[in-house]
Amino acid sequence: MEVSGIIKVINPEQRVSDSFRKRELVVTTQEQYPQYISINFVQDKCDLLNNFQVGEEVRVSINLRGREWRSPQGEIKYFNDIQGWRIERGAQVAQQAPPAYQQAAPSGYQQPQHPAANQFAAPTGPFPPADSYNTDADSDDLPF
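Those letters in the sequence shown? Residues 440 to 583, per my numbering, in order.
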(Lines of atoms letter the chains of each structure in order from A and count residues from 1; the text may use other names and numbers.)
(Lines give C-alpha, C1' and ligand atoms only; values in the text may rest on other atoms or scores of the structure.)
Protein backbone atom coordinates (compact mmCIF):
# COMPACT_ATOMS: atom_id res chain seq x y z
CA MET A 1 0.00 0.00 0.00
CA GLU A 2 1.10 3.58 -0.52
CA VAL A 3 0.38 7.04 0.87
CA SER A 4 1.20 10.17 -1.15
CA GLY A 5 1.32 13.74 0.06
CA ILE A 6 3.39 16.53 1.58
CA ILE A 7 5.64 15.97 4.60
CA LYS A 8 4.20 17.90 7.55
CA VAL A 9 6.37 16.56 10.40
CA ILE A 10 9.53 14.48 10.75
CA ASN A 11 10.07 13.68 14.42
CA PRO A 12 13.47 12.82 15.87
CA GLU A 13 14.37 9.20 16.40
CA GLN A 14 13.15 7.61 19.64
CA ARG A 15 15.11 4.83 21.36
CA VAL A 16 12.45 2.69 23.01
CA SER A 17 15.02 0.16 24.25
CA ASP A 18 18.62 -0.81 23.54
CA SER A 19 17.45 -2.93 20.61
CA PHE A 20 14.44 -0.94 19.29
CA ARG A 21 14.20 2.50 17.72
CA LYS A 22 11.45 4.30 15.80
CA ARG A 23 10.80 7.57 14.00
CA GLU A 24 7.47 9.20 13.12
CA LEU A 25 6.62 10.91 9.83
CA VAL A 26 3.35 12.80 9.24
CA VAL A 27 2.17 13.15 5.64
CA THR A 28 -0.67 15.45 4.59
CA THR A 29 -2.65 13.94 1.71
CA GLN A 30 -3.70 16.14 -1.21
CA GLU A 31 -7.42 15.44 -1.39
CA GLN A 32 -10.60 17.46 -1.11
CA TYR A 33 -10.45 16.72 2.63
CA PRO A 34 -6.71 16.39 3.46
CA GLN A 35 -5.76 13.74 5.98
CA TYR A 36 -2.80 13.79 8.35
CA ILE A 37 -1.33 10.29 8.24
CA SER A 38 1.15 9.31 10.94
CA ILE A 39 3.63 6.72 9.66
CA ASN A 40 6.23 4.98 11.85
CA PHE A 41 9.61 3.91 10.56
CA VAL A 42 11.33 1.34 12.77
CA GLN A 43 14.86 -0.02 13.21
CA ASP A 44 17.09 0.52 10.14
CA LYS A 45 14.19 2.15 8.23
CA CYS A 46 14.53 5.22 10.51
CA ASP A 47 17.57 6.24 8.48
CA LEU A 48 15.46 6.57 5.31
CA LEU A 49 14.06 9.86 6.66
CA ASN A 50 17.48 11.53 7.06
CA ASN A 51 17.45 12.95 3.51
CA PHE A 52 13.91 14.41 3.60
CA GLN A 53 12.58 17.75 4.81
CA VAL A 54 9.23 19.19 5.82
CA GLY A 55 7.31 20.44 2.77
CA GLU A 56 8.57 17.84 0.28
CA GLU A 57 6.10 15.85 -1.80
CA VAL A 58 6.56 12.11 -1.21
CA ARG A 59 5.11 8.68 -1.79
CA VAL A 60 5.52 6.30 1.15
CA SER A 61 5.16 2.52 0.88
CA ILE A 62 3.46 1.21 4.00
CA ASN A 63 2.31 -1.91 5.79
CA LEU A 64 -0.68 -1.94 8.13
CA ARG A 65 0.02 -3.74 11.38
CA GLY A 66 -2.49 -4.72 14.05
CA ARG A 67 -2.22 -6.49 17.36
CA GLU A 68 -4.34 -7.65 20.25
CA TRP A 69 -3.54 -6.76 23.86
CA ARG A 70 -5.09 -8.24 27.00
CA SER A 71 -5.03 -6.11 30.15
CA PRO A 72 -4.33 -7.64 33.58
CA GLN A 73 -8.09 -7.37 34.21
CA GLY A 74 -8.79 -9.51 31.12
CA GLU A 75 -10.04 -6.68 28.89
CA ILE A 76 -9.00 -7.07 25.24
CA LYS A 77 -7.94 -4.07 23.16
CA TYR A 78 -6.78 -3.79 19.55
CA PHE A 79 -4.10 -1.46 18.23
CA ASN A 80 -3.16 -0.50 14.68
CA ASP A 81 0.12 0.85 13.37
CA ILE A 82 1.14 2.17 9.96
CA GLN A 83 4.75 1.21 9.26
CA GLY A 84 6.74 2.77 6.44
CA TRP A 85 9.35 0.77 4.58
CA ARG A 86 10.16 2.97 1.56
CA ILE A 87 9.89 6.70 0.77
CA GLU A 88 10.31 8.44 -2.59
CA ARG A 89 10.45 12.12 -3.56
CA GLY A 90 7.78 13.85 -5.62
CA ALA A 91 9.86 13.88 -8.84
CA GLN A 92 10.20 10.09 -8.62
CA VAL A 93 6.48 9.84 -7.87
CA ALA A 94 5.62 11.66 -11.11
CA GLN A 95 8.04 9.56 -13.17
CA GLN A 96 6.64 6.28 -11.88
CA ALA A 97 2.95 7.20 -12.00
CA PRO A 98 0.89 4.69 -13.98
CA PRO A 99 -0.16 5.79 -17.46
CA ALA A 100 -3.63 7.23 -17.94
CA TYR A 101 -6.31 4.65 -18.63
CA GLN A 102 -6.97 4.17 -22.34
CA GLN A 103 -9.97 2.24 -23.65
CA ALA A 104 -10.09 0.82 -27.16
CA ALA A 105 -12.37 2.81 -29.47
CA PRO A 106 -15.50 1.10 -30.83
CA SER A 107 -15.39 -0.07 -34.43
CA GLY A 108 -16.25 2.72 -36.85
CA TYR A 109 -15.05 5.41 -34.46
CA GLN A 110 -12.74 8.08 -35.85
CA GLN A 111 -9.98 9.04 -33.41
CA PRO A 112 -9.70 12.87 -32.95
CA GLN A 113 -6.63 14.57 -34.41
CA HIS A 114 -5.40 15.61 -30.94
CA PRO A 115 -6.60 12.98 -28.44
CA ALA A 116 -4.98 14.73 -25.47
CA ALA A 117 -6.91 17.93 -26.20
CA ASN A 118 -10.29 16.20 -26.39
CA GLN A 119 -9.98 12.80 -24.78
CA PHE A 120 -13.71 12.18 -24.42
CA ALA A 121 -14.95 13.39 -27.80
CA ALA A 122 -18.17 11.95 -29.22
CA PRO A 123 -18.02 9.94 -32.45
CA THR A 124 -17.91 12.17 -35.51
CA GLY A 125 -20.08 10.04 -37.77
CA PRO A 126 -23.32 8.05 -37.42
CA PHE A 127 -23.28 4.79 -35.51
CA PRO A 128 -23.46 1.64 -37.63
CA PRO A 129 -26.93 0.04 -37.75
CA ALA A 130 -27.72 -2.81 -35.35
CA ASP A 131 -27.49 -6.32 -36.79
CA SER A 132 -30.95 -7.30 -35.59
CA TYR A 133 -33.73 -5.79 -33.56
CA ASN A 134 -36.44 -7.92 -32.03
CA THR A 135 -39.83 -6.15 -32.02
CA ASP A 136 -41.59 -8.89 -30.04
CA ALA A 137 -42.30 -7.19 -26.66
CA ASP A 138 -42.90 -10.51 -24.87
CA SER A 139 -39.44 -11.92 -25.70
CA ASP A 140 -37.46 -9.96 -23.11
CA ASP A 141 -37.15 -10.83 -19.47
CA LEU A 142 -37.49 -7.31 -18.07
CA PRO A 143 -39.96 -7.00 -15.17
CA PHE A 144 -41.69 -3.90 -16.60
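C-beta atoms are modelled at their ideal positions from N, C-alpha and C, and glycine is treated no differently.
As the structure is a prediction and not an experimental result, all values here were calculated from the model.
What does the alpha-carbon distance come out to for the pair R488 and E441? Taking the first residue of the sequence shown as position 1, residue 488 is located at position 49. Taking the first residue of the sequence shown as position 1, residue 441 is located at position 2. Checking the sequence shown, residue 488 turns out to be Leu, not Arg. For the pair L488 and E441, the Cα-to-Cα distance works out to about 16 Å.
Would G444 be called buried (16 or more neighbouring beta carbons within 10 Å of its own) or exposed? For the purposes of this step, residue 444 is taken as the residue at position 5 of the sequence shown. Counting Cβ neighbours within 10 Å, G444 comes out buried, since at least 16 surround it.
Are the Cβ atoms of I526 and V499 separated by less than 7 Å? Here residue 526 is taken as the residue at index 87 of the sequence shown, counted from 1. Here residue 499 is taken as the residue at index 60 of the sequence shown, counted from 1. For I526 and V499, yes; Cβs fall inside 7 Å.
L464: buried (16+ other C-beta within 10 angstroms of its C-beta) or exposed? Position 25 of the sequence shown, counted from the first residue, corresponds to residue 464. Buried is the call here.
7 Å Cβ cutoff met for C485 and R462: Along the sequence shown, one-based indexing puts residue 485 at 46. Along the sequence shown, one-based indexing puts residue 462 at 23. Yes, the Cβ-Cβ distance between C485 and R462 is below 7 Å.
Around the Cβ of I515, are there at least 16 other Cβ atoms within 10 angstroms (buried) or fewer (exposed)? Residue numbering aside, residue 515 sits at position 76 when the sequence shown is read from its first letter. Its Cβ having fewer than 16 others within 10 Å, I515 is exposed.
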